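Structure first, commentary second.
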Amino acid sequence: MGKVLMKGNEAVAEAAVLGGCRYFFGYPITPQNEIPEYLAKRLPEVGGTFLQAESEISAINMVFGAAGSGARVMTSSSGPGISLKQEGISYIAGAELPCVIVNMVRGGPGLGNIGPAQSDYFQATKGGGHGDYRLIVLGPASVQELVDLTIEAFEMADRYRNPVMILGDGILGQMMEPVEFKVKEIMSGPEKPWATTGAKGRTRNLITSLYIVPEDLEEHCRKLKEKYDGIAAVEKRHESYFAEDAEIVLAAYGTTARICKAVVDQAREEGIRAGLIRPVSLWPFPDEPYFKAADYADAFLAVEMSNGQMVEDVRLSVNGKKPVHFLGRTGGIVPTKAEIYADVKKIAAGGVR
Amino acid sequence: MAVKKVFTKPASMTDKTMHFCPGCTHGIIQRLVAEVIDELGIREDTIAVGPVGCAVFCYDYWDVDFQQASHGRAPAVATGVKRVHPDKVVFSLQGDGDIAAIGTTEIVHAAARGEQISCLFVNNSIYGMTGGQMAPTTIVGQKTTTTPDGRDSSRAGYPVKLTEMLAVLDGVTYSARVSVHSPANVVKAKKVIKKAFEIQMKGEGFAIVEILSTCPTNWGLSPVDSIKWLEDNVLPYFPIGEFKTPGEVSS
Amino acid sequence: MAKGRAIICEHRCKGCGLCITACPQGLIEISNKLNASGFHPAVVSELEKCKGCALCALMCPDVAIEVEREEK
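Sequences listed follow chains G, W and E, in order.
Per numbering that gives the first Met the number 0, residue 0 is the first one in the first sequence, and the count goes up by one each step.
Per numbering that gives the first Met the number 0, residue 0 is the first one in the second sequence, and the count goes up by one each step.
Per numbering that gives the first Met the number 0, residue 0 is the first one in the third sequence, and the count goes up by one each step.
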């Protein structure tokens, strides 16, 4: 299969099918509706089930049931809908169920608007729901990466028995780009001996996040921490774009990172050694490249479509070694190349925002 | 003359002592479900979904595959399970707060979709686990910790007759209310639970069975007086009966 | 007349007394003894009169009663 031109949301949906997803439970919300619409047609073709739930709360709990039953399953939503799913996500993480959750982030807080945003970063990477848990969070920056990371998300979810979130935004979901589906055959998940399939010839399986005895819950949380530490040790991913000798290192993910690449190009043309470190995994956050860059770079500039969320992780990574500046736009407004470049020039000239 | 065991713990029940308060009739319901599973021979083909509330530990007593849902969402979880395993028997069990307050959406829409699941609803007209607060099924006049002078309908409204409500949905095949306050009613309750399971096994659709139960601890009555209180106060408001049976078309 | 035997498992019983009201012959009473959980368990006081009708077991919320019956 060669390259095809596809809208981000539809590409995610097709990628899910190729990744072995057979069940989708969702509720309409802009700007991600093409995902459920695509799967409503596509899943029955591969013997799967699409179900439009009565709410995001129901959808995520259907995901719980299907994931606990051993299936590869996905849900998708945006901002407010993802907020509604948080309780269910906490239960899924607590019960260690694999699933994929797509958030095509829109402007918040509250009803906000349907413009693109990156303001759900905290919610995605720092917990979101109650209790001590982590999602694996991936931040694609192109339709091709949406496809590749979605397929991989199903593998990671099963490998770690953990929910994986694809954190996109309204632009990524709506933009059309040529993509290649490198997976030749529809994938399938591993055997899941822990799933509820009927206790035939074995002791019964229990899917739960309830540990009423404090010692038991502490042991469960300790195991979860061990798992998260293991994930953090091997799954940190980033892309480095002219960052190896940069005096100013930009930090951005997703749509914003694309613009930052153009900024780096312009800066280099005009004699400013700028570079970009783009986190691909948002949790675990790739701290090391920033920490190392702090040895040679003069300053960092985090660019986000938010009031400043990922910048906190950049600051933690840089650990006070160098100044970390921030440029953010909100409300569905995308920062322009010109305004980012203006900040780069100011920082290069020694001015501090 | 041969000595025959005429009554013993069902095989689908574990040996664990149940955590329910003395005289709480929930234990009877646990046993009836296990007896039905035994009689239908479906222990290895059953997947149960449990609630949050007094029955949160119900998985400890049934020897079947089990998923523990969040508060109110058991019908959504059961939907996910059944869609993945359409050949298995999937049932949920929820209390009144779980199913008729916080989880109203989930039960109504699972019913409207005609999910091929059996939903059991234990109605003891109070929040037991949290210490006796008003439930959606608390009787008008009933004292609870949040209606200390009794439920006042002018401020706290009226009990929800969920099972009757569901009966009008086209997606519902079977809707019935039973009680376990006397031996005769226990026998009847088991028949109705069994019927709900059989309807699922025949692929005939969604079933809801409401089971009236007591809460001596939070009603502030002895187990025996609780039975009497149920007869005098709960039964008149929540009548026993079948509200919809297979083959009926709602008008 | 059939002869039966209701066997109340002392350690499972919580002494709720629902079996007492269920027994048509009034053969069951609450023991003065405490069981391991601190409950006064129910006991069958006149076992020889038990017909094995099992109504006590039907009403027992703790599955603490087994019933045997002699059959021809």
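Ideal Cβ placement from N, Cα and C applies to all residues, glycine included.
Please read these numbers as outputs of a predicted model, since none were measured by experiment.
- Task: Could you tell me whether any Cβ in chain G is nearer than 8 Å to the Cβ of aspartate 37(W)?
- Result: Output row for aspartate 37(W): interface = no.
- Taking 8 Å as the CB-CB limit, is leucine 165(W) close to chain G? For leucine 165(W), the answer is no, since every Cβ of chain G falls outside 8 Å of its Cβ.
- Task: Check the Cβ of methionine 174(G) against every Cβ in chain W and list those closer than 7 Å, keeping chain order.
- Result: Scanning chain W for C-beta atoms nearer than 7 Å to the C-beta of methionine 174(G) yields nothing, as the closest lies near 32 Å away.
- Task: Consider the Cβ of cysteine 49(E): report whether some Cβ of chain W lies at a distance smaller than 8 Å.
- Result: Not an interface residue.
- Message: Between Lys189(W), Gly22(W), Ser11(W), which has its C-alpha nearest isoleucine 41(W)'s C-alpha?
- Response: Considering only alpha carbons, the answer is Ser11(W).
- At a Cβ threshold of 8 Å, is valine 42(E) touching chain W? Among the residues facing chain W, valine 42(E) is not included, as its CB has no counterpart in that chain under 8 Å away.
- Task: Identify which residue in Ile138(W), Lys160(W), Phe6(W), Glu43(W) has its Cα closest to the Cα of phenylalanine 242(W).
- Result: Distances from the alpha-carbon of phenylalanine 242(W) to those of Ile138(W), Lys160(W), Phe6(W), Glu43(W) put Lys160(W) closest.
- Where the alpha helix (DSSP H) through histidine 108(W) begins and ends: Per DSSP, histidine 108(W) belongs to the alpha helix (DSSP H) from 103-112.
- Query: If you measure from the beta carbon of isoleucine 27(E) to each beta carbon in chain W, is any gap under 8 Å?
  - Reply: Not closer than 8 Å to any Cβ of chain W, the Cβ of isoleucine 27(E) fails to qualify, so no.
- Task: Give the DSSP bridge partners of valine 206(G), in chain order.
- Result: It is worth fixing the name first, because residue 206(G) is isoleucine in this sequence and not valine. Answer is Gln66(W).
- Message: Going by the DSSP bridge assignment, what does lysine 4(W) pair with across the sheet?
- Response: According to DSSP, which records beta bridges pairwise, lysine 4(W) is partnered with Glu67(E).
- Integer Cβ distance of valine 279(G) from glycine 138(G), believed to fall under 8 Å: Contact between valine 279(G) and glycine 138(G) holds: their C-beta atoms lie close to 6 Å from each other, under 8 Å.
- When you compare only the Cα positions, how much space is there between phenylalanine 241(G) and lysine 321(G)? One C-alpha to the other measures close to 18 Å.
- Could you tell me the distance, in whole angstroms, from the CA atom of aspartate 228(G) to the CA atom of glycine 149(W)? Near 53 Å, if we compare the C-alpha coordinates of glycine 149(W) and aspartate 228(G).
- Message: Assuming the contact rule is C-beta atoms closer than 8 Å, alanine 5(E) and valine 66(E) should be a hit. Round their C-beta distance to whole Å, please.
- Response: About 5 Å separates the beta carbon of alanine 5(E) from that of valine 66(E), a gap short enough to meet the 8 Å contact definition.
- With respect to the beta strand (DSSP E) encompassing asparagine 112(G), which residues constitute its N-terminal and C-terminal limits? For asparagine 112(G), the enclosing beta strand (DSSP E) begins and ends at 112-115.
- Count the CB pairs spanning the segment 129-145 of chain G and the segment 219-238 of chain G that are closer than 8 Å, and state whether there are at least three. Under the 8 Å Cβ criterion, the segment 129-145 of chain G counts as touching the segment 219-238 of chain G, having at least three qualifying pairs.
- Query: Are the Cβ atoms of alanine 296(G) and alanine 245(G) separated by less than 8 Å?
  - Reply: Taking C-beta atoms as the reference points, alanine 296(G) and alanine 245(G) count as a pair closer than 8 Å.
- Task: Within the same chain, show all residues whose beta-carbon is closer than 6 Å to that of leucine 119(W), passing over the 5 residues directly before and after it, in chain order.
- Result: If we look at leucine 119(W) and ignore the five residues flanking it on each side, its Cβ neighbours are Leu92, Val208.
- Message: Can you tell me whether glutamine 24(E) is buried or exposed? The criterion is at least 16 other CB atoms within 10 Å of its CB, across all chains shown.
- Response: With fewer than 16 other Cβ atoms within 10 Å, it is exposed.
- Task: Determine whether the Cβ of lysine 8(W) lies closer than 8 Å to any Cβ atom of chain E.
- Result: Between lysine 8(W) and chain E, the shortest Cβ-Cβ separation is below 8 Å.
- Task: Indicate whether threonine 329(G) and methionine 304(G) have their beta-carbon atoms separated by less than 8 Å.
- Result: Going by beta carbons, threonine 329(G) and methionine 304(G) fall inside the 8 Å limit.
- Task: Starting from isoleucine 271(G), trace the alpha helix (DSSP H) both ways and give me its first and last residue.
- Result: Taken as a continuous stretch (DSSP letters only), isoleucine 271(G) belongs to no alpha helix (DSSP H), as it is neither H nor E.
- Query: Given 8 Å as the limit, is there contact between the segment 143-152 of chain G and the segment 166-183 of chain G, that is, 3 or more CB pairs closer than that?
  - Reply: Contact holds between the segment 143-152 of chain G and the segment 166-183 of chain G, because three or more Cβ pairs, one in each stretch, are under 8 Å apart.
- Message: Tell me which residues of the segment 173-207 of chain G have at least one Cβ-Cβ distance to chain C shorter than 7 Å, keeping chain order.
- Response: Considering every chain present, this structure includes no chain C. Its protein chains are G, W and E.
- Query: If you measure beta-carbon to beta-carbon, which residues of the segment 50-61 of chain E are closer than 7 Å to chain W?
  - Reply: From the segment 50-61 of chain E, only Gly51, Ala53, Leu54, Ala56, Leu57, Met58, Pro60, Asp61 have a Cβ closer than 7 Å to chain W.
- Message: Against arginine 30(W), what residues of chain E qualify as contacts under a CB-to-CB distance less than 7 Å, listed in chain order?
- Response: For a Cβ distance threshold of 7 Å, residue set Val62 of chain E lies close to arginine 30(W), ordered along the chain.
- Query: Taking DSSP as the reference, what is the three-state secondary structure of serine 250(W)?
  - Reply: Residue confidence for serine 250(W) is low, a pLDDT of 49 falling below 50, so the modelled location carries little weight and cannot support an answer.
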